[in-house]
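Okay, so here's the structure we're looking at.
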Amino acid sequence: MNQDTRYLPVQKALRGVLATVAFPCAVHAELLSTEDRCLIFSQNSNLPFGAASIIKLPLLVCVAQLVELGELAWDRAIRLTVAAPHGTGLLEYLDKSGPWSVQDLCIMMMGVSDNMACNQLIEEIGIERLNDVLHDLGYEATSIRRQMMDRETLARGIDNSVTAADIADMLARLHAHRLVSNAASERILGYLRMNQLRDLVAWPLPGSAALAGKTGGMSGSLLDAELITVSGGPTYSLCVFASGFERAAQAKRVMAEVSEMIYSAVSGSRSGERAGSA
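Per full-length UniProt numbering, numbering of the sequence shown is gapless, rising by one per residue and ending at 278.
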């Protein structure tokens, strides 16, 4: 991966910020084009984190790959058989008497982080097959081991896991339309643009910035992975994962500060100018 000396100042500043953080935190950012990747900053990018709802991105990639292989179809009708898991989403409150297509389940899963849609897809495909697909795609550090809101399994120490490096690679390959296939990449990007939950790295950014990504969170854990396009400018990826904090506000402040610093470095905002200012 290429390096660029333009980012040395922000790298130094980010290391200073992260040195004061008392809980595990991973940051990985890359400047992207369809042909190239340039590292902006990376720290703890291979550290595993409990995935929370970020796992819905790898699951979506698996669905697209299985459609490509002919094992699934976007219009396949699936009856809802899983119990309502609660947490984020709307599906459990809608009419569940009829089937839902794979496409509609993916839209619900990515648009409003629907846990029931996610669990139904996991149930339909199977955990073992999902992990086989992830490993075949080169994602050895990403693991799907439980359904959403399965607290009993989590209490036994069994959790879904991701690394910032794996998720950043998915984002880079999607941006280049080289994950699964060109058409599959474009479809996945479309679902990522539907995300309605943007209160972490998106918070300090100007409204003109275009985002496509996924957030995740549970007690003591917050994660965000985004493709961010500067208005009239370049696209970069940013993954910020944090865990082990006592209050969510602690992690949110770090995530917002990191996001603002990287946006300013990429967009050329004046030093000290708030990215979201008018």
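For every residue, glycine included, the Cβ atom is placed at its ideal position computed from N, Cα and C.
For residue i, the residue or residues it bridges with in DSSP
i	result
G217	L222
S231	Bridge partners of S231: none, in fact.
Y236	L31 and I228
L39	Q3 and E30
C25	A242
L154	According to DSSP, L154 bridges with nothing at all.
A210	T229
S161	G50 and S143
Other residues of its chain near residue i: CB distance less than 6 Å, five sequence neighbours each side excluded
i	result
T142	P58, L134, V162 and D166
M218	A52
R37	M1, E30 and A172
I203	A small correction: the amino acid at residue 203 is Trp; Ile does not occupy that position in the sequence shown. Within the same chain, W203 has close Cβ partners A256.
L91	M108, D114, M116 and A117
V254	V21
E140	none
G268	none
Endpoints, alpha helix (DSSP H) assigned at residue i
i	result
H135	I127 to D136
Y191	N182 to R193
H175	A164 to H175
K96	Run containing K96: none; DSSP gives neither H nor E here.
L80	Taken as a continuous stretch (DSSP letters only), L80 belongs to no alpha helix (DSSP H), as it is neither H nor E.
residue 362	No information on residue 362 is available, as it lies outside the stretch 1 to 278 that the chain covers here.
E260	A248 to S267
V17	L8 to A19
7 Å Cβ shell around residue i - same chain, five flanking residues per side excluded
i	result
A183	none
L47	P24, A26 and T163
P9	none
L189	L174 and A212
Same chain, Cβ closer than 8 Å to residue i, neighbours up to 5 away in sequence not counted
i	result
S271	Because the pLDDT of S271 is 37, which lies under 50, any placement of that residue in the model is unreliable, and the question is left without a value.
V67	A73, W74, V102 and A184
I158	R145 and R146
H86	E92, N115 and M149
Contact belief for residue i with residue j at Cβ below 8 Å, rounded distance in angstroms
i	j	result
L137	V61	7 Å
F241	F49	5 Å
P99	A77	4 Å
L205	S259	7 Å
A168	S45	7 Å
Y93	I40	Their Cβ separation, rounded to whole angstroms, is 41 Å, which puts Y93 and I40 out of contact at 8 Å.
E123	V82	5 Å
A210	T229	4 Å
A64	R187	7 Å
I'd like to know if the segment 144 to 161 and the segment 105 to 121 are in contact, where contact means that at least 3 CB-CB pairs between them fall below 8 Å. With a cut-off of 8 Å, the segment 105 to 121 and the segment 144 to 161 count as touching, because enough Cβ pairs lie within range.
Does the segment 98 to 111 come within contact of the segment 16 to 35, defined as at least 3 CB pairs closer than 8 Å? Judged by Cβ distances under 8 Å, the segment 98 to 111 makes no contact with the segment 16 to 35, as fewer than three pairs qualify.
Given 8 Å, three or more beta-carbon pairs between the segment 214 to 229 and the segment 48 to 55: Three or more Cβ pairs closer than 8 Å define a contact, and the segment 214 to 229 meets that threshold against the segment 48 to 55.
Could you tell me whether the segment 22 to 34 touches the segment 219 to 237, where touching means 3 or more Cβ pairs closer than 8 Å? Enough Cβ pairs lie closer than 8 Å, so yes.
Are there three or more Cβ pairs, one per stretch, closer than 8 Å when the segment 218 to 232 is compared with the segment 191 to 202? Yes, since at least three Cβ pairs between the segment 218 to 232 and the segment 191 to 202 fall closer than 8 Å, the two stretches touch.
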